[in-house]
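Have a look at the structure below before the remarks.
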Amino acid sequence: MDKNLDKLKKDLNIIFIGFNPSLVSGEVGHNYANKHNRFWKILFEAGLTDRMYLPNEDGDLLQKGMGFTNIVSRPTRAADEITREEYQEGREILKQKIDFYKPKIAFFVGKGVYLQYSQCKKANWGKQHKKIVEGVTDFVAPSSSGLVRMRIEDIVAIYKDVKSLLNE
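Going by my numbering, the sequence shown opens with residue -1, and the numbers climb by one from there.
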């Protein structure tokens, strides 16, 4: 069941970073596979993809400069099941991955993911001024989970902001 959901290669434009895989994603081996997750719809509406992709096409996005990883690789029902030790270990592994793959942007799908990674107390949406890995811009956006109590239009607007960073 615990398949590695990383879809990574060097010099990507964006690596999308989540908390950890859902049980569904862990089972099928593809990112954002839970039917209640709006990730693929948000990417399309934000203009980051040319069409609405399906979770089983996550690997196809490598050719379009986008990759995927998580701060913790163990699938759970909810992020609150992740232990402090898993975050501690995941933070170090994630820093190594980002340093090795050197994407233009480390895109955190959820403020909590970034706070765990950066050890910051708070963060605003969008580009972060502090760089954890030299040469990589950190970008924080709301989680695409259906549990997030934000209007989808507002979430899409934040995801759109990453496009201008790619053109810099």
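C-beta atoms are modelled at their ideal positions from N, C-alpha and C, and glycine is treated no differently.
Identify every residue that forms a DSSP beta bridge with residue i.
i	result
ILE103	ILE12, THR135
THR74	SER20
MET167	Not covered by the structure: residue 167. The range shown for the chain is -1 to 166.
LYS5	PHE66
LYS125	PHE137
Quick one: what's got a C-beta closer than 7 Å to residue i's C-beta in the same chain, skipping five residues either side?
i	result
ASP89	Inspection of the sequence shows that residue 89 is occupied by Arg rather than by Asp. These residues qualify, in order along the chain: ILE69, GLN114, TYR115.
LYS125	THR135, PHE137, LEU163
PHE57	Phe is not the amino acid found at residue 57; the sequence shown has Gly there. Hits under 7 Å: LYS5.
SER141	VAL107, GLY108
GLN61	none
ILE80	PHE17, ASN18, VAL70, THR74
Apart from the five residues on each side of it in sequence, which residues of its chain come closer than 8 Å, Cβ to Cβ, to residue i?
i	result
GLY53	Here residue 53 turns out to be Pro, not Gly, going by the sequence shown. Contacts found: SER23, VAL26, HIS28, ASN29, TYR30, ALA31, TRP38.
PHE106	ILE15, TYR112, TYR115, ASP136, PHE137, VAL138, ALA139
ASP0	For ASP0, the predicted structure reports a pLDDT of 45, less than 50, and the residue's modelled location is therefore unreliable. A value from the coordinates is still provided. Cβ neighbours of ASP0 beyond the five flanking positions: GLY24, SER71, ARG72, PRO73.
TYR65	Going by the sequence as given, residue 65 is Gly instead of Tyr. For GLY65, where only same-chain residues beyond five positions count, the Cβ hits under 8 Å are ASP4, LYS5, LEU6, LYS7, LEU10, ILE12, ILE13, PHE14, LEU59, TYR99, PRO101.
TYR174	Residue 174 cannot be examined here, being either before or after the span of the chain that is shown, -1 to 166.
ALA121	LYS109, TYR112, LEU113, VAL138
Could you check where the alpha helix (DSSP H) with residue i kicks off and where it finishes?
i	result
ASP58	From DSSP, ASP58 is part of no alpha helix (DSSP H); its letter is neither H nor E.
GLU151	150 to 164
VAL146	That residue, VAL146, is in no alpha helix (DSSP H); it is neither H nor E in DSSP.
GLN114	109 to 116
TRP38	37 to 43
Could you name the residues of the same chain whose beta carbon sits closer than 6 Å to that of residue i, not counting the 5 residues immediately before and after it, in chain order?
i	result
ALA77	PHE17
VAL131	ILE96, ASP97
HIS34	GLY144
TYR85	GLN114
ALA44	VAL154, TYR157, LYS158
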